[in-house]
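Peer 1: The opening residue of the sequence shown carries number 532 in this note's numbering; numbering runs sequentially from there.
Just so it is clear, CB atoms sit at the ideal spot from N, CA and C, and this is done for glycine as well.
Quick one: the structure is below, questions incoming.
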Amino acid sequence: MSREIRSMRESLPNVLDSYKISKPLYAFILLLFDAILVALIISYVPYTKIDWDAYMSQVEGFLDGERDYTNLKGDTGPLVYPAGFLYVYSIIQFITGGQVYLAQVLFGILYIVNLGIVFFIYLKTDVLPWWALGLLCLSKRLHSIFVLRLFNDCFAMMLLHTSVALLLLEHWYLAMIIFSAAVSIKMNVLLYAPPLFLLMLKGMSIKGVFFALLGAASLQLPQFHSPGSPSSLQPSTFRAMSSSVMASQGTTSQPSELRIAPLGGNRQRRPLLVPGLTITPATIYVSKQSHPLQVATSQDSFGLPFLLFHPIAYISRAFNLGRVFIHFWSVNFKFVPDNVFVSKEFASALLLLHLTLLLVFAHYRWSKHEGGLINLVKSRLSNAVLESSTIQQFFSRKSRFKTLSGEHIVTVMFVGNFIGIVCARSLHYQFYSWYFYSLPFLLWKTPYLTPLRLILFFGIEVCWNIYPSNFYSSMLLLFLHLCILWGLWISPSEYPYVEERTSQGKEE
532 MSREIRSMRE
542 SLPNVLDSYK
552 ISKPLYAFIL
562 LLFDAILVAL
572 IISYVPYTKI
582 DWDAYMSQVE
592 GFLDGERDYT
602 NLKGDTGPLV
612 YPAGFLYVYS
622 IIQFITGGQV
632 YLAQVLFGIL
642 YIVNLGIVFF
652 IYLKTDVLPW
662 WALGLLCLSK
672 RLHSIFVLRL
682 FNDCFAMMLL
692 HTSVALLLLE
702 HWYLAMIIFS
712 AAVSIKMNVL
722 LYAPPLFLLM
732 LKGMSIKGVF
742 FALLGAASLQ
752 LPQFHSPGSP
762 SSLQPSTFRA
772 MSSSVMASQG
782 TTSQPSELRI
792 APLGGNRQRR
802 PLLVPGLTIT
812 PATIYVSKQS
822 HPLQVATSQD
832 SFGLPFLLFH
842 PIAYISRAFN
852 LGRVFIHFWS
862 VNFKFVPDNV
872 FVSKEFASAL
882 LLLHLTLLLV
892 FAHYRWSKHE
902 GGLINLVKSR
912 LSNAVLESST
922 IQQFFSRKSR
932 FKTLSGEHIV
942 TVMFVGNFIG
952 IVCARSLHYQ
962 FYSWYFYSLP
972 FLLWKTPYLT
982 PLRLILFFGI
992 EVCWNIYPSN
1002 FYSSMLLLFL
1012 HLCILWGLWI
1022 SPSEYPYVEE
1032 RTSQGKEE
């Protein structure tokens, strides 16, 4: 009897694998069908009002000149996201005029773009069998998060996935800038920061790490210019975005530009002036002569309008890591008593567990082939000292780096984020988007049999679709998370490197 059961367990994946189909073709077909599904959802499933009105209220305050974060509020509470959120939703407001239906269409496009990027990541790593790609299209909750609830998590995760895709293409600098932009929309992206930093140490020289971090920081930290310079940012500069696109050429005294004009009537908003980018109520200008990296690294910073006038309010609201969530909305720790859930001791214990797991995985799993995390750091620092005895040599010497395998890059990034998910103090329903797209990859990295992988996948989906969450659903979700984490711990470690070469013609 046990032999028959084992045969049945193994028959499904064997039957599916016997049918060969081009993975890129299958992914494209899935994209088409999911696009149709998204269109049907937008047309026939009622929109769920949660945060959209609050987002629009916060954006209106921003566009009306408010630069004190404590005064930017909506009907669900104060603004708690970094400034990139305001820029993105200001654009959305002027594209859609604040209309929910048009916003749903925009988020539907965003959903398909994000799914296409995720498919690219999976095709580059080739960890899943072809049929398992379909799992990425099966989440009821994810479709709802994108096109029925319009959360800012969607934009943050799309940029994060773009950053991972750029890492696979070895565009380290650009990946870091996109990563920083994702952080500016929502702070959860920082869960990927520790594994990303480890990958930088493994794949780049110390010089490369320095400049990559500098490029990313330039989007978050202010840079000051003289008042009369072209790149000076006026105190009341950010105003309006637009909606329909039309190309035009600038005058002979100015570089050629891209102009985007609004669909609706004129809104009297003052323009945003940043190097290479000017946003006005009637037009959006992007200088075609600006180098992409120069534009990204010189646009003062997303938070500069707030840091100039109300820095404490901005930092305390936008980067509040100690914020206490409401117990009712917790999907993962509903079984924990309310008084324990909101306690500092509980938060500190989870933070300690998070850091411990990251260090353990970094030392024993992700740096196994380098002899551990300590040996990796020592070797990188010693190489930097030996190759660059002076500051001049540090900046002038060509960097040497190793090419990391795509599977290793995605494994470290996805597992590092998943550790943060397991240890998160509270997961709200929209937070499922933080790690859903990594679940098939993580499950196929475990040594489990395919039926167990599918049980874990659909079990997690069921937990996220129980509303409101309860004692048993949250306990089950934690158990399923721990099962995956254990499988990742006992799984064999992939060799991280492809080849060693000198950086010539490619970005670090």
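#1: Roughly how many angstroms lie between the CA atoms of His959 and Ser1004, to the nearest whole one?
#2: Quick check: the region 965-983 against the region 889-904, are there 3 or more CB pairs under 8 Å?
#3: Taking Arg984 as part of the alpha helix (DSSP H), name the residues at either end of that continuous run.
#4: Using the C-alpha atoms, what's the distance from Glu591 back to Phe837?
#5: Given a threshold of 16 other Cβ atoms within 10 Å of its Cβ, counted over all protein chains shown, does Ala748 qualify as buried or as exposed?
#6: So what does DSSP say about His717, is it helix, strand or coil?
#7: Do the region 618-636 and the region 670-683 meet, that is, are 3 or more Cβ pairs less than 8 Å apart?
#8: Suppose you measure from the CA of Phe949 to the CA of Leu1019; what does that come to, to the nearest Å?
#9: Would you check if there are 3 or more beta carbon pairs closer than 8 Å linking the region 657-674 to the region 549-563?
#10: For the alpha helix (DSSP H) containing Cys1014, list its first residue and its last residue.
#11: Looking only at its chain, what residues have a beta carbon closer than 7 Å to the beta carbon of Leu610, apart from the 5 residues adjacent to it on each side?
#12: Please state whether DSSP places Leu935 in a helix, a strand or coil.
#13: In chain order, what residues of the same chain lie with their CB nearer than 6 Å to the CB of Tyr1028, ignoring the 5 residues before and after it?
#14: When we look at the beta-carbon of Gln630 and count the other beta-carbons within 10 Å, is it buried (16 or more) or exposed?
#15: Could you check if Pro812 is buried or exposed, using at least 16 other CB atoms within 10 Å of its CB as the buried criterion?
#16: For Val720, I'd like the list of residues in its chain whose CB is within less than 6 Å of its CB, leaving aside the five on either flank, ordered along the chain.
#17: Determine the DSSP secondary structure at Pro577, reduced to helix, strand or coil.
#18: Excluding five sequence neighbours on each side, which residues of the same chain lie with their C-beta closer than 7 Å to the C-beta of Ile940?
#19: Among Val649, Leu637, Thr977 and Arg956, which has the Cα closest to the Cα of Leu883?
#20: State the CB to CB distance for the pair Met707 and Ala743, rounded to an integer number of angstroms; the pair is presumed to be in contact (CB under 8 Å).
#21: Go ahead and label Leu669 buried or exposed: buried means 16 or more other beta carbons lie within 10 angstroms of its beta carbon, across all protein chains shown.
#22: Mind checking whether Leu679 and Leu562 have CB atoms under 8 Å apart?
#23: In terms of alpha-carbon separation, which member of Ser1022, Phe650 and Gly628 lies closest to Leu974?
#24: Start and end of the alpha helix (DSSP H) containing Gln624?
#25: What does a CB cutoff of less than 8 Å around Asn1001 pick up in its chain, not counting 5 residues either side in sequence?
#26: Nearest by alpha-carbon distance to Ile623: which of Met587, Asp606 and Gly608 is it?
#27: From which residue to which residue does the alpha helix (DSSP H) around Val631 run?
#28: Helix, strand or coil: how does DSSP classify Val1029 here?
#29: Which residue's Cα is closest to the Cα of Glu1077: Val658, Arg598 and Phe872?
#30: Going by other Cβ atoms of all chains shown within 10 Å of its Cβ, with 16 needed for buried, is Ser1024 buried or exposed?
#31: Could you check if Tyr1026 is buried or exposed, using at least 16 other CB atoms within 10 Å of its CB as the buried criterion?
#32: Tell me the residue span of the alpha helix (DSSP H) that contains Pro726.
#33: With DSSP collapsed to three states, give me the class of Gly596.
#34: Mapping the DSSP letters down to three states, classify Lys604 as helix, strand or coil.
#35: State the CB to CB distance for the pair Leu987 and Ile1015, rounded to an integer number of angstroms; the pair is presumed to be in contact (CB under 8 Å).
#36: DSSP three-state call for Pro971: helix, strand or coil?
Peer 2: Per the coordinate set shown:
#1: Position 428 of the sequence shown, counting from 1, holds the residue named residue 959. Position 473 of the sequence shown, counting from 1, holds the residue named residue 1004. Answer to the nearest angstrom: the Cα atoms are 13 Å apart.
#2: no
#3: By one-based count along the sequence shown, residue 984 stands at place 453. Thr981 to Trp995 is the extent of the alpha helix (DSSP H) around Arg984.
#4: If you number the sequence shown from 1, residue 837 lands on position 306. If you number the sequence shown from 1, residue 591 lands on position 60. Their backbone Cα atoms lie some 15 Å apart in a straight line.
#5: Numbered from 1 along the sequence shown, position 217 holds the residue referred to as residue 748. Its Cβ having fewer than 16 others within 10 Å, Ala748 is exposed.
#6: Within the sequence shown, numbered from 1, the residue matching residue 717 stands at position 186. In the sequence under discussion, the amino acid at residue 717 is Lys, which differs from the His named in the question. Three-state DSSP puts Lys717 in coil, outside helix and strand.
#7: yes
#8: For the purposes of this step, residue 949 is taken as the residue at position 418 of the sequence shown. For the purposes of this step, residue 1019 is taken as the residue at position 488 of the sequence shown. Taking the straight line joining both Cα atoms gives about 10 Å.
#9: yes
#10: Locating residue 1014 in the sequence shown gives position 483, where the first residue counts as 1. Residues Phe1002 to Ile1021.
#11: The count along the sequence shown starts at 1 and reaches residue 610 at position 79. Closer than 7 Å at the Cβ level, and outside the excluded window around Leu610, lie Gln589, Tyr600, Leu603, Lys604 and Arg848.
#12: Numbered from its first residue, the sequence shown carries residue 935 at position 404. The answer is strand: DSSP assigns Leu935 an E or B state.
#13: Locating residue 1028 in the sequence shown gives position 497, counting from the first residue. Taken in chain order, the residues that qualify are Lys933.
#14: Counting from 1 along the sequence shown, the entry for residue 630 is found at position 99. So Gln630 ends up on the exposed side.
#15: The sequence position of residue 812 within the sequence shown is 281, counting from 1. Caution is warranted here: a pLDDT of 34 is assigned to Pro812, below 50, making its placement in the model unreliable, and the coordinate value is therefore given only provisionally. With 16 or more other CB atoms across the displayed protein chains lying within 10 angstroms of its CB, Pro812 is buried.
#16: Taking the first residue of the sequence shown as position 1, residue 720 is located at position 189. Here the set comprises Ala687, Leu691, Ala713 and Val714.
#17: Taking the first residue of the sequence shown as position 1, residue 577 is located at position 46. Coil, per DSSP.
#18: Translated into positions along the sequence shown, residue 940 becomes position 409. Within the same chain, Ile940 has close Cβ partners Leu698, Leu699 and Leu730.
#19: Here the question's residue 883 lines up with position 352 in the sequence shown. Checked all of Val649, Leu637, Thr977 and Arg956; the closest Cα to Leu883 is Arg956.
#20: Within the sequence shown, numbered from 1, the residue matching residue 707 stands at position 176. Within the sequence shown, numbered from 1, the residue matching residue 743 stands at position 212. At roughly 4 Å, the Cβ-Cβ gap stays under 8 Å, so Met707 and Ala743 are in contact.
#21: Position 138 of the sequence shown, counting from 1, holds the residue named residue 669. So Leu669 counts as exposed.
#22: The residue labelled residue 679 in the question sits at position 148 within the sequence shown. The residue labelled residue 562 in the question sits at position 31 within the sequence shown. No.
#23: Taking the first residue of the sequence shown as position 1, residue 974 is located at position 443. Out of Ser1022, Phe650 and Gly628, Ser1022 has the C-alpha closest to the C-alpha of Leu974.
#24: By one-based count along the sequence shown, residue 624 stands at place 93. Here the alpha helix (DSSP H) through Gln624 covers Ala614 to Thr627.
#25: Reading the sequence shown from its first residue, position 470 is the one you call residue 1001. So the list reads Lys865, once near-sequence residues are dropped.
#26: As a working mapping, residue 623 is identified with position 92 in the sequence shown. For the residues Met587, Asp606 and Gly608, the minimum Cα distance to Ile623 belongs to Met587.
#27: Counting from 1 along the sequence shown, the entry for residue 631 is found at position 100. Val631 -> alpha helix (DSSP H) spans Val631 to Thr656.
#28: Translated into the one-based positions of the sequence shown, residue 1029 becomes position 498. It is a strand residue.
#29: In the structure as shown, the chain starts at 532 and stops at 1039, and residue 1077 therefore has no counterpart that could be examined.
#30: Numbered from its first residue, the sequence shown carries residue 1024 at position 493. Burial call: exposed.
#31: Taking the first residue of the sequence shown as 1, we reach residue 1026 at position 495. When all chains shown are included, Tyr1026 counts as exposed.
#32: For the purposes of this step, residue 726 is taken as residue 195 along the sequence shown, with counting starting at 1. Residues Ala724 to Gly734.
#33: Within the sequence shown, numbered from 1, the residue matching residue 596 stands at position 65. Coil.
#34: To locate residue 604, count along the sequence shown from 1; it is residue 73. Lys604: strand per DSSP, three-state reduction.
#35: Here residue 987 refers to the residue found at position 456 of the sequence shown. Here residue 1015 refers to the residue found at position 484 of the sequence shown. Sure, about 6 Å apart at Cβ, within 8 Å.
#36: Translated into the one-based positions of the sequence shown, residue 971 becomes position 440. The answer is helix: DSSP assigns Pro971 an H, G or I state.
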